[in-house]
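Engineer: Before I ask anything, here is the structure I am working with.
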Amino acid sequence: MSSLPPSEAAYDRMRLRQWSRGRARSAGIDRRDLLRLITAASFAAPLVPAAAASARAAVAPAGIVKSLPPELFTVRGTNAETNFAALRGTGLLTPTDRFFVRNHTATPLIDVADWRLTVWGDGLEGGPVDFTYEALRALPSVSRTAFVECAGNGRSYFTSQQGQQVSGTAWTLGAIGTARWRGVRLAEVLRAAAVGRNAVDVLPRGLDAEVVSDGTNLGRVRRPLPVAKALDDVILAYEMNGEPLPPDHGAPVRLIAPSWVGIANIKWVGDIEVSAEPLLTPWNTGLYRLFGPGHPPEGSAPLTRQTLKSAFELAPGASFAARRRHRLTGRSWSGGAPVRRVEVSTDGGTVWHRARLRDEPRAGSWVRWTADWVPRTTGPGVLLARATDRSGRTQPVTAAHNTQGYLFDAVVRHPVTVVRVAAPRSGDIASGARRRGSVRRHDAEPPASR
Numbered sequence: 000m001s002s003l004p005p006s007e008a009a010y011d012r013m014r015l016r017q018w019s020r021g022r023a024r025s026a027g028i029d030r031r032d033l034l035r036l037i038t039a040a041s042f043a044a045p046l047v048p049a050a051a052a053s054a055r056a057a058v059a060p061a062g063i064v065k066s067l068p069p070e071l072f073t074v075r076g077t078n079a080e081t082n083f084a085a086l087r088g089t090g091l092l093t094p095t096d097r098f099f100v101r102n103h104t105a106t107p108l109i110d111v112a113d114w115r116l117t118v119w120g121d122g123l124e125g126g127p128v129d130f131t132y133e134a135l136r137a138l139p140s141v142s143r144t145a146f147v148e149c150a151g152n153g154r155s156y157f158t159s160q161q162g163q164q165v166s167g168t169a170w171t172l173g174a175i176g177t178a179r180w181r182g183v184r185l186a187e188v189l190r191a192a193a194v195g196r197n198a199v200d201v202l203p204r205g206l207d208a209e210v211v212s213d214g215t216n217l218g219r220v221r222r223p224l225p226v227a228k229a230l231d232d233v234i235l236a237y238e239m240n241g242e243p244l245p246p247d248h249g250a251p252v253r254l255i256a257p258s259w260v261g262i263a264n265i266k267w268v269g270d271i272e273v274s275a276e277p278l279l280t281p282w283n284t285g286l287y288r289l290f291g292p293g294h295p296p297e298g299s300a301p302l303t304r305q306t307l308k309s310a311f312e313l314a315p316g317a318s319f320a321a322r323r324r325h326r327l328t329g330r331s332w333s334g335g336a337p338v339r340r341v342e343v344s345t346d347g348g349t350v351w352h353r354a355r356l357r358d359e360p361r362a363g364s365w366v367r368w369t370a371d372w373v374p375r376t377t378g379p380g381v382l383l384a385r386a387t388d389r390s391g392r393t394q395p396v397t398a399a400h401n402t403q404g405y406l407f408d409a410v411v412r413h414p415v416t417v418v419r420v421a422a423p424r425s426g427d428i429a430s431g432a433r434r435r436g437s438v439r440r441h442d443a444e445p446p447a448s449r
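Numbered per numbering that gives the first Met the number 0, the sequence shown finishes at 449, counting up by one with no gaps.
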């Protein structure tokens, strides 16, 4: 293992060359099946329309354990998307009962007493090493505030805003959540297992059921990390927001890879292979690369860092009273650098106003923001929010197309309606004042952060 590990960009370029030249090992799947996946990834199948998914919001899939009330979640196949309006009034951390769920199959129920983590592979100086749950918790612990976001978050906007066909789950912007994670550094575990200087890739694998796609058994969910990332800021988390991990979020132990796409944050980790040669799985070949015009036939380098996004804490089509002051709230985040500023437009993008940030911007987390608005005219309207991070990157008007709809980063057009409110009659003023406290209005100040 080099004392100066390659940068993420250099690592990606190296893996891409190794894959295209057949010099990387397929971990647990036949190379011909990987090639079929890559061919299929070059073509986009139609999305399930978001409206159709929303109609099933009250029906919880059998594979998710926690309750999914429709005011908090929209169910999408084996997944549950957080309704962003449900985050209004919550703190910086996403309450666990509102945290989105991304499952490839179903949530496994794992007894902590029976759980073992096995670290193995030819990148270790010795043989396999097992860790019980108690042994893992006995190692020095760390805590990190970090978001986990699906690489396909915002995918539906490729079609609804840009008119482009993509395949995959039709997420809007709710496939993200931020939590305070506690666990042990992956580097601590790898060193305890005697990671060697020849180690190249670190491959965590989940204990959920094997994934079968179009008749091909892809095996259990697994995706390699470069050893440089594994030894940097990745943790094996066993607590979420001060409580033991819930089943849907990876209990008893999951990976947290700050700022990287969600698939890198493997849930229900059961073993970790440390390899002295490059490893390939379906999740870094046919999946979680960019395919389509402008990308190589074998796809881009495997996705790593998340992109830049903003979202209003509003339901689509929310109504606002004309000529009254309203307080808009939302959140912005970036996998590349802390958010520096957020701007809001209430006229379709002609004029932009600076939003007020409610949190200190930090790497790997999001910031909450507010902006005041007094709509003057009635009728349909569009709200826009765009973020700029400290690297200088600003959300674009259009996201770069790819067939699987990953990394949507364009400014999202949020539809609203401005309605006329009749002036109260003199006899109604007193009764209206008594009722006002029980009516939820969009201009209410969110509660203090928790």
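Here a beta-carbon is modelled for each residue, glycine too, at the ideal position from N, C-alpha and C.
In this text, all values refer to a predicted model and were calculated from it rather than measured experimentally.
Could you tell me which uninterrupted beta strand (DSSP E) segments, each at least 3 residues in length, are contained entirely in the stretch 109-149, listed from first to last along the chain?
Structural biologist: Here the runs fully enclosed are 115-119, 128-131, 141-148.
Engineer: Would you check if the distance between the CB atom of R181 and the CB atom of W170 is smaller than 7 Å?
Structural biologist: Cβ distance not < 7 Å, so R181 and W170 don't count as in contact.
Engineer: Does DSSP put V220 in a helix, a strand or coil?
Structural biologist: Of the three classes helix, strand and coil, the one that applies to V220 here is coil, per DSSP.
Engineer: Examine the Cβ distances between the stretch 102-113 and the stretch 246-266 and report whether three or more of them are shorter than 8 Å.
Structural biologist: They touch, by the three-pair rule.
Engineer: For G269, count neighbouring Cβ atoms within 10 angstroms of its own Cβ and tell me buried if that reaches 16, exposed if not.
Structural biologist: Looking at its Cβ environment, which holds 16 or more other Cβ atoms inside 10 Å, G269 is buried.
Engineer: Tell me the rounded alpha-carbon separation between L138 and V118.
Structural biologist: Using only the alpha carbons, I get a separation of about 15 Å.
Engineer: Count the other CB atoms within 10 Å of the CB of R87; is the residue buried (16 or more) or exposed (fewer)?
Structural biologist: Looking at its Cβ environment, which holds 16 or more other Cβ atoms inside 10 Å, R87 is buried.
Engineer: What residues match up with P225 in a beta bridge as DSSP calls it?
Structural biologist: The partner list for P225 (beta bridge, DSSP) reads D200.
Engineer: Going by DSSP, name the residue or residues bridged to S66.
Structural biologist: S66 is not bridged to any residue.
Engineer: By Cβ distance below 8 Å, which residues in the same chain neighbour R304 in space, the five residues on each side in sequence not counted?
Structural biologist: Excluding positions up to five away in sequence, the list reads E7, S258, W259, V260, G334, G335.
Engineer: May I ask whether a heavy atom of the ligand GDP can be found less than 6 Å away from the beta carbon of L230?
Structural biologist: The ligand GDP is not among the ligands present in this structure, which contains no ligands whatsoever.
Engineer: Are the beta-carbon atoms belonging to G173 and T77 less than 7 Å from one another?
Structural biologist: Going by C-beta atoms, G173 is not nearer than 7 Å to T77.
Engineer: What would DSSP say about E209, mapped onto helix, strand or coil?
Structural biologist: Residue state, collapsed to three classes: coil.
Engineer: Distance check for D96 and T328, CA to CA, integer angstroms please.
Structural biologist: Their backbone Cα atoms lie some 21 Å apart in a straight line.
Engineer: Around the C-beta of D388, are 16 or more other C-beta atoms found within 10 angstroms, so that it is buried, or is it exposed?
Structural biologist: Per the 10 Å Cβ criterion, buried.
Engineer: For F157, report the span of its alpha helix (DSSP H) as first-last.
Structural biologist: Unbroken alpha helix (DSSP H) run through F157: 155-159.
Engineer: Alpha carbon to alpha carbon, how far is R179 from R143? Give it in angstroms, no decimals.
Structural biologist: Each residue's Cα considered, the two are about 6 Å apart.
Engineer: Let me check understanding here. Comparing Cα to Cα, which of V128, P292, R288 lies closest to G298?
Structural biologist: With distances taken between Cα atoms, G298 lies closest to R288.
Engineer: Compute the Euclidean distance between the alpha carbons of K308 and R392, then round it to the nearest angstrom.
Structural biologist: Roughly 11 Å separates the two Cα atoms.
Engineer: Taking C-alpha atoms, which residue in F99, F130, A105 lies nearest to D113?
Structural biologist: Comparing Cα-Cα distances from D113 to each of F99, F130, A105, the minimum goes to F130.
Engineer: What is the DSSP secondary structure of E359, reduced to helix, strand or coil?
Structural biologist: Correct three-state label for E359: coil.
Engineer: Tell me the rounded alpha-carbon separation between V373 and R339.
Structural biologist: Straight-line Cα distance between these residues: approximately 25 Å.
Engineer: So, helix, strand or coil for W267, using DSSP?
Structural biologist: Here W267 sits in coil by DSSP.
Engineer: Taking all protein chains shown into account, do 16 or more other C-beta atoms lie within 10 angstroms of the C-beta of S152, making it buried, or fewer, making it exposed?
Structural biologist: With the sequence shown as reference, residue 152 is identified as Asn, and Ser is not the correct amino acid for it. N152 should be labelled buried.
Engineer: Which same chain residues, not among the five before or five after G167, have their C-beta less than 6 Å away from its C-beta?
Structural biologist: Hits under 6 Å: G151, R154, Q403, G404.
Engineer: Below 7 Å between beta carbons: does that hold for V210 and H103?
Structural biologist: Yes, the Cβ-Cβ distance between V210 and H103 is below 7 Å.
Engineer: Using three-state DSSP, classify V260 as helix, strand or coil.
Structural biologist: The answer is coil: DSSP assigns V260 none of H, G, I, E or B.
Engineer: What is the DSSP secondary structure of L86, counted as helix, strand or coil?
Structural biologist: Helix at L86.
Engineer: Would you identify the three-state DSSP class for R190, choosing helix, strand or coil?
Structural biologist: R190: helix per DSSP, three-state reduction.
Engineer: T369 and V417: beta carbons closer than 7 Å?
Structural biologist: No, the pair does not count as a contact, with Cβ atoms beyond the cut-off.
Engineer: Would you give the residue range spanned by the beta strand (DSSP E) that Y287 belongs to?
Structural biologist: Premise fails: Y287 is in no beta strand (DSSP E) and is neither H nor E.
Engineer: Measure the alpha-carbon distance for W365 versus D408 and round it to whole angstroms.
Structural biologist: About 15 Å.
Engineer: Looking at N240: is its Cβ nearer than 7 Å to the Cβ of L254?
Structural biologist: Their beta carbons are not under 7 Å apart, which means N240 does not touch L254 by this criterion.
Engineer: So, L313 versus S344, is the Cβ gap smaller than 7 Å?
Structural biologist: Cβ atoms of L313 and S344: not closer than 7 Å.
Engineer: Could you work out which residue in R419, W351, V415 is closest to A386 when comparing CA atoms only?
Structural biologist: That would be W351, whose Cα lies nearest to the Cα of A386.
Engineer: With 16 as the cutoff for other CB atoms within 10 Å, does D200 come out buried or exposed?
Structural biologist: Label assigned to D200: buried.
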